[in-house]
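Working notes, structure below.
Protein chains in written order, with this note's numbering: chain X, 1 to 152; chain Y, 153 to 304.
See below:
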C-alpha cells in the first residue's frame, strides 16, 4: 500500500476543525517551541479552549503567535491533518470579555470529556468568577491541510 | 468521573517514548510555532525520524530548538503525555553521518506504517544516496510527563 497526498481546500479544513474536539497546540518562547494536547471547540474563526495557569499560558501571554493542529482519521488508513496559525486571545473574567467567555463555555461544555485534561469535576463550573481557569481563543489567521488516501 | 493528575518520573517518560511511534513535533521560526504529526522511533536519548523537505525542515535548519510530544492512551480514560525539548540534528548522506542514518533507518523500518506520512512506497528505500528524504534526530535535552487516571 502507498498513500496519495494532496492539499485540502479551505472548506475541507474548516470541516475538520468544526468536527474536532482534540488537537495539539504549540506556542513558543525565546525560540523554544512547546507543544501540548488540548481540547477545543471551533466556531467562526475561533478555536475556544481553557486551561489551568501554567507554562503554556505564560508563554502565550508573552508571545501570542500560536499554532493548532487537528487530525481526522478516516476509513482505512486515510487521514486529514489541519494546521492553524493564529493569535492567542485571552478572555478574562471582566465585563468586556464576559460574552466571549460564556460563549466559549457553552461550546465546550457540550462535550462530555472536556474536563479530562483540566482535571475538573463536572460541577466545578470554570466560568465562575473565582475559577482559576484561563479561557482563551485561538483567532485563526491562516489554515492549511493535507489529506492522505490509500491507493493500490 | 474526575481525573487525578500527577507528574511522571523520568523512567516513566522514557518508557512512553520507547513505545511510541507517533507524536507531534513543534518547531518555531521568527516566533511563529508550527506543529505537525510525525512518526518516530526513540532510542537512547534520540528520537529518529525522516521527512520530505519542506517548511518543517526549513524551520528546524534555521532554529534547531524543537519540541516533541507523545501520548499513550491507557485503560479507561487514563492517559500519559510526554513532552521532550531537544535539538534538531540532521543526518545528511555523508560519511560522517552514515552510521546514524543507517541506524535511524533500521529503527524506523521495523514499523509497518512508517511510510504513511511520507507517502513512500515500501520499496523506495529513503536511505539511498539519491533519496530526497531528510533523516534527522531530536536530541533529548529535557523530558517531562503528566499522567491522568480516572478516580471515582
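The beta-carbon is built from N, C-alpha and C at its ideal position, and this holds for glycine as well.
**Asked** Do residue 54 of chain X and residue 38 of chain X have their C-beta atoms within less than 8 Å of each other?
**Response** Position 54 of the first chain holds residue 54 of chain X. Position 38 of the first chain holds residue 38 of chain X. Going by C-beta atoms, residue 54 of chain X is not nearer than 8 Å to residue 38 of chain X.
**Message:** My assumption, with CB atoms under 8 Å, is that residue 25 of chain X sits in contact with residue 68 of chain X. Please give the rounded CB distance.
**Reply:** Locating residue 25 of chain X in the first chain gives position 25, where the first residue counts as 1. Locating residue 68 of chain X in the first chain gives position 68, where the first residue counts as 1. Sure, about 5 Å apart at Cβ, within 8 Å.
**Asked** So, are the CB atoms of residue 133 of chain X and residue 52 of chain X less than 8 Å apart?
**Response** Counting from 1 along the first chain, the entry for residue 133 of chain X is found at position 133. Counting from 1 along the first chain, the entry for residue 52 of chain X is found at position 52. Their beta carbons are under 8 Å apart, which means residue 133 of chain X touches residue 52 of chain X by this criterion.
**Asked** To which residues does DSSP link residue 24 of chain X through a beta bridge?
**Response** Residue mapping note: residue 24 of chain X aligns to position 24 of the first chain, counting from 1. Beta-bridge pairing links residue 24 of chain X to X:37 and X:69.
**residue 201 of chain Y versus residue 88 of chain X: straight-line alpha-carbon distance, rounded** = The residue labelled residue 201 of chain Y in the question sits at position 49 within the second chain. The residue labelled residue 88 of chain X in the question sits at position 88 within the first chain. Distance between the alpha carbons of residue 201 of chain Y and residue 88 of chain X: 30 Å.
**Asked** Cα separation between residue 97 of chain X and residue 43 of chain X?
**Response** Translated into the one-based positions of the first chain, residue 97 of chain X becomes position 97. Translated into the one-based positions of the first chain, residue 43 of chain X becomes position 43. Spanning the two alpha carbons is a distance of roughly 17 Å.
**Request:** Quick one: residues in its chain with C-beta nearer than 7 Å to the C-beta of residue 139 of chain X, no 5 flanking neighbours on either side, listed in chain order?
**Result:** Position 139 of the first chain, counted from the start, is the residue given in the question as residue 139 of chain X. Cβ within range, chain order: 45, 46, 86, 87 and 89.
**Asked** Quick one: does the C-beta of residue 5 of chain X sit closer than 7 Å to a heavy atom of the ligand MG?
**Response** The ligand MG is not among the ligands present in this structure, which contains no ligands whatsoever.
**Request:** Less than 8 Å between the CB atoms is what I'm expecting for residue 306 of chain Y and residue 223 of chain Y, so what's the real figure, rounded?
**Result:** Chain Y is shown from 153 up to 304; residue 306 of chain Y falls before or after that span and cannot be answered.
**Message:** Nearest by alpha-carbon distance to residue 243 of chain Y: which of Y:235, Y:157 and Y:256 is it?
**Reply:** One-based indexing of the second chain puts residue 243 of chain Y at position 91. Nearest C-alpha to residue 243 of chain Y among Y:235, Y:157 and Y:256: Y:256.
**Message:** Please classify residue 217 of chain Y as buried or exposed, where buried requires at least 16 other C-beta atoms within 10 Å of its C-beta.
**Reply:** On the second chain, residue 217 of chain Y is found 65 positions in, with the first residue counted as 1. Buried.
**Item:** Short Cβ contact (8 Å threshold) for residue 78 of chain X with residue 183 of chain Y
**Value:** For the purposes of this step, residue 78 of chain X is identified with residue 78 of the first chain, where counting begins at 1. For the purposes of this step, residue 183 of chain Y is identified with residue 31 of the second chain, where counting begins at 1. Against a cut-off of 8 Å, the Cβ pair of residue 183 of chain Y and residue 78 of chain X comes out as no contact.
**Asked** In terms of alpha-carbon separation, which member of Y:188, Y:192, Y:185 and Y:165 lies closest to residue 258 of chain Y?
**Response** Here residue 258 of chain Y refers to the residue found at position 106 when the second chain is read from its first residue. The option with the nearest alpha carbon to residue 258 of chain Y is Y:192.
**Asked** Looking at C-alpha atoms only, which residue of Y:228, Y:236, Y:302 and Y:185 is the closest neighbour of residue 214 of chain Y?
**Response** As a first step, residue 214 of chain Y is located in the second chain; it is residue number 62 there, counting from the start. Comparing Cα positions, the closest option is Y:185.
**Asked** Does residue 31 of chain X get closer than 8 Å to chain Y when you measure Cβ to Cβ?
**Response** Locating residue 31 of chain X in the first chain gives position 31, where the first residue counts as 1. By this cut-off, residue 31 of chain X is an interface position.
**Asked** Where do the ends of the beta strand (DSSP E) carrying residue 257 of chain Y lie?
**Response** What you label residue 257 of chain Y is simply residue 105 of the second chain in a count that begins at 1. Following the DSSP letters along the chain, one finds residue 257 of chain Y in no beta strand (DSSP E) but inside the alpha helix (DSSP H) bounded by residues 250-260.
**Item:** chain A contact for residue 217 of chain Y (CB, 8 Å cutoff)
**Value:** This model lacks chain A altogether; the protein chains it does include are X and Y.
**Item:** Per DSSP, the bridge partner or partners of residue 300 of chain Y
**Value:** Mapped onto the second chain, residue 300 of chain Y falls at position 148. Beta-bridge pairing links residue 300 of chain Y to Y:157 and Y:231.
**Message:** Give me the chain X residues within the contact set of residue 237 of chain Y, using Cβ-Cβ distance strictly less than 7 Å, ordered along the chain.
**Reply:** Within the second chain, residue 237 of chain Y is the residue found at index 85, counting from 1. Listed along the chain, the chain X residues whose CB falls inside 7 Å of the CB of residue 237 of chain Y are 32.
**Message:** Using a Cβ-Cβ cutoff of less than 7 Å, which residues in the same chain neighbour residue 168 of chain Y once the five nearest sequence positions on both sides are dropped?
**Reply:** Numbered from 1 along the second chain, position 16 holds the residue referred to as residue 168 of chain Y. 222, 224, 232, 234 and 297.
**Request:** Tell me whether residue 171 of chain X sits in a helix, a strand or coil according to DSSP, three-state version.
**Result:** Since the first residue of chain X shown is 1 and the last is 152, residue 171 of chain X is not available in this structure.
**Prompt:** So residue 4 of chain X packs on residue 149 of chain X, CB below 8 Å; how close in whole Å?
**Reply:** Taking the first residue of the first chain as position 1, residue 4 of chain X is located at position 4. Taking the first residue of the first chain as position 1, residue 149 of chain X is located at position 149. Confirmed, about 5 Å.
**Prompt:** How would you label residue 158 of chain Y, buried or exposed, when you count the other beta carbons within 10 angstroms and need 16 or more for buried?
**Reply:** Stepping through the second chain from its first residue, residue 158 of chain Y is reached at position 6. By the C-beta density criterion, residue 158 of chain Y is exposed, having fewer than 16 other C-beta atoms within 10 angstroms.
**Asked** Around the Cβ of residue 161 of chain Y, are there at least 16 other Cβ atoms within 10 angstroms (buried) or fewer (exposed)?
**Response** What you label residue 161 of chain Y is simply residue 9 of the second chain in a count that begins at 1. Around the beta carbon of residue 161 of chain Y, a 10 Å sphere encloses fewer than 16 other beta carbons of the protein chains shown; the residue is thus reported as exposed.
**Proximal residues of chain X, C-beta to C-beta of residue 176 of chain Y below 7 Å** = Start at 1 with the first residue of the second chain, and residue 176 of chain Y comes out as number 24. Neighbours of residue 176 of chain Y on chain X, chain order: 24, 35 and 69.
**Message:** Counting only Cβ pairs nearer than 9 Å, list the residues of chain X close to residue 203 of chain Y.
**Reply:** On the second chain, residue 203 of chain Y is found 51 positions in, with the first residue counted as 1. None at all; the shortest Cβ gap to chain X is about 13 Å.
**Message:** Looking at the strands, I want to know which residues DSSP matches up with residue 294 of chain Y.
**Reply:** As a first step, residue 294 of chain Y must be located in the second chain, where it is residue number 142. In the DSSP output, where bridge partners are listed per residue, residue 294 of chain Y has Y:237.
**Request:** Please list, in chain order, all residues of the same chain as residue 170 of chain Y whose beta carbon is under 8 Å from its beta carbon, the five residues on each side excluded.
**Result:** In the second chain, counting from the first residue as 1, residue 170 of chain Y sits at position 18. 194 and 195.
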